[in-house]
Each structure stands twice: as C-alpha cells, then as structure tokens.
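All you need for our numbering is the position in the sequence shown, starting with 1, plus 13.
For each residue, glycine too, the CB sits at the ideal point set by N, CA and C.
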Amino acid sequence: MAKLYFNYSTMNAGKSTVLLQASHNYREHGMDTYLLTARLDKRAGAGRIASRIGIGSDADTFDAGDDLLDMIATRLDKGTIACVFVDEAQFLTPDQVWQLARVVDDLDLPVLCYGLRVDFRGELFPGSATLLALADEMREVRTICRCGKKATMVVRMDDSGQVIREGAQVQIGGNETYLSLCRRHWREAMGDRPAP
Ligand SMILES: [Zn+2]
C-alpha cells in the first residue's frame with residue numbers, strides 16, 4: 014500500500030539533499046519520479062530543487078491555487094511514475110495536503126513531502142500542521158544547534174545579523190537569513206530567556 018510521508022526539519026538541515034538522493038535512487042533503477050516544489054521559492058530558480066551541496070533537479074511548481082490531484086493525474090497520463098516528491102511542503106494549503114492523501118489512497122502512489130515544521134515565531138505552518146495530522150509516516154531530518162543539541166527552531170535575521178522577532182510567516186525576496194537553534198537558544202534569541 015502506498016503511503017503519505019512527511020519528512021520535516023528546521024532550516025538548513027539538508028532536506029532537499031535527502032529528497033534529491035531518494036529520487037535519484039528510484040531513477041537509478043529505471044523508475045521515474047515526479048518532483049514538485051513551491052512556486053514562491055526563488056532560491057533555486059523557478060522549477061528547480063537545488064541543495065546547498067550543489068546537486069539539483071528540475072521540478073514542476075505549485076502555488077496555493079493548484080489542484081495537486083489534477084496535476085499528478087495529468088503527469089500520469091504521460092507515463093508511469095514510482096512516486097511523487099514535494100519540496101517546501103510547509104507551503105501546501107490544508108486542501109492540497111488532502112489532495113495528496115487522495116493521490117496515495119485512490120491512485121496508490123506514494124507521496125513523500127519534505128518541509129519545515131515551524132516558522133521563526135515557533136508556530137506550525139498550515140501545510141505542516143495538516144501533514145502532521147494526515148501523514149502515514151513521519152521522519153525528522155536532523156541538524157544541530159551551535160551548542161551541539163538537536164536544532165528544532167529557527168530564527169530570522171536581517172542583513173546586519175539582528176534577530177527579527179515579528180513579521181509575516183512567509184517573507185519573499187528579502188535579505189533575511191535563517192539560523193537553526195535548539196529551543197533554549199531560540200528562546201534566548203527571541204528575548205524569552207536572559208542570556209547567560
Ligand atoms: Zn543550542
């Protein structure tokens with residue numbers, strides 16, 4: 014039986030690398046895969062999933078208005094695929110996560126989603142919240158804080174390195190950078206805990 018997977022992480026944990034490696038494993042054995050990524054993500058250029066270690070692959074893009082069940086059915090008309098990979102899955106709408114669940118249940122096609130769990134305010138992305146509710150299997154792609162503990166949180170910083178404590182969940186086209194931290198150091202950075 015096909016399953017809906019959610020591989021979640023914080024920023025810079027290498028989830029795109031894990032996705033590309035998994036897709037490569039299928040293709041190496043002669044099985045085709047279908048890659049999707051969010052259209053608002055301009056880091057890799059439109060229609061491409063790229064990792065920080067230099068590998069990349071072309072991908073179709075989705076935004077909030079797309080019906081993913083339709084898109085995947087259209088792709089299947091052109092030929093068989095072994096599974097679907099979705100990068101930047103935090104940007105899925107709850108409806109789109111349900112569409113992916115239908116792909117799994119009704120088309121018997123595995124769907125592997127990769128995305129951030131929480132935003133810089135420590136709040137779940139709606140797409141991730143729905144994936145946490147619906148996924149058959151979940152795995153954490155791990156990275157570490159500067160202290161060596163597992164990083165589960167992320168801070169947003171402006172171009173001078175100052176931590177930004179408020180703002181929209183999604184910031185497009187700015188000069189912000191992100192740093193992954195453990196919860197204790199995230200609280201310190203957010204002013205919730207005195208620095209030692
Ligand atoms: Zn830490």
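Measuring alpha carbon to alpha carbon, tell me which residue in the options is nearest residue i.
| i | options | result |
| --- | --- | --- |
| glycine 27 | Gly43, Asp108 and Gly67 | Gly67 |
| alanine 35 | Arg134, Cys126 and Ala102 | Cys126 |
| leucine 129 | Tyr21, Ala15 and Met14 | Tyr21 |
| leucine 53 | Ser64, Gly204, Ala202 and Val183 | Val183 |
| glutamate 179 | Leu192, Arg155 and Asp132 | Asp132 |
| proline 139 | Ser173, Phe104 and Asp118 | Phe104 |
| arginine 200 | Ile177, Asn188 and Ala146 | Ile177 |
| aspartate 76 | Pro207, Arg155, Asp172 and Pro107 | Pro107 |
| leucine 192 | Pro207, Asp172, His37 and Leu49 | Asp172 |
| leucine 82 | Gly92, Ser70 and Asp118 | Asp118 |
| threonine 156 | Arg196, Gln175, Ala181 and Asp79 | Arg196 |
| alanine 202 | Asp90, Gly135, Ala181 and Leu113 | Gly135 |
Between which two residues does the alpha helix (DSSP H) carrying residue i extend?
| i | result |
| --- | --- |
| serine 22 | No alpha helix (DSSP H) holds serine 22; the beta strand (DSSP E) holding it covers 17-22. |
| glycine 92 | That residue, glycine 92, is in no alpha helix (DSSP H); it is neither H nor E in DSSP. |
| histidine 37 | 28-41 |
| alanine 114 | 107-120 |
| arginine 200 | 196-202 |
Since I believe residue j is in contact with residue i (beta carbons under 8 Å), could you give me their beta-carbon distance rounded to a whole number of angstroms?
| i | j | result |
| --- | --- | --- |
| glutamate 101 | alanine 51 | 4 Å |
| leucine 122 | cysteine 96 | 6 Å |
| alanine 72 | isoleucine 85 | That pair is no contact at about 13 Å. |
| threonine 23 | valine 167 | 5 Å |
| threonine 87 | valine 110 | Not a contact, Cβ separation roughly 19 Å. |
| tyrosine 18 | valine 124 | 7 Å |
Give me whichever residues DSSP pairs with residue i in a beta bridge.
| i | result |
| --- | --- |
| isoleucine 62 | Ser70 |
| tyrosine 127 | Asn20 |
| leucine 137 | Val131 |
| phenylalanine 75 | Ala51 |
| glutamate 150 | Tyr18 |
| phenylalanine 98 | Leu48 and Leu125 |
With respect to the beta strand (DSSP E) encompassing residue i, which residues constitute its N-terminal and C-terminal limits?
| i | result |
| --- | --- |
| leucine 49 | 46-51 |
Runs of beta strand (DSSP E) wholly within the region 152-191 (minimum 3 residues, chain order): List check, beta strand (DSSP E) in window: 166-170.
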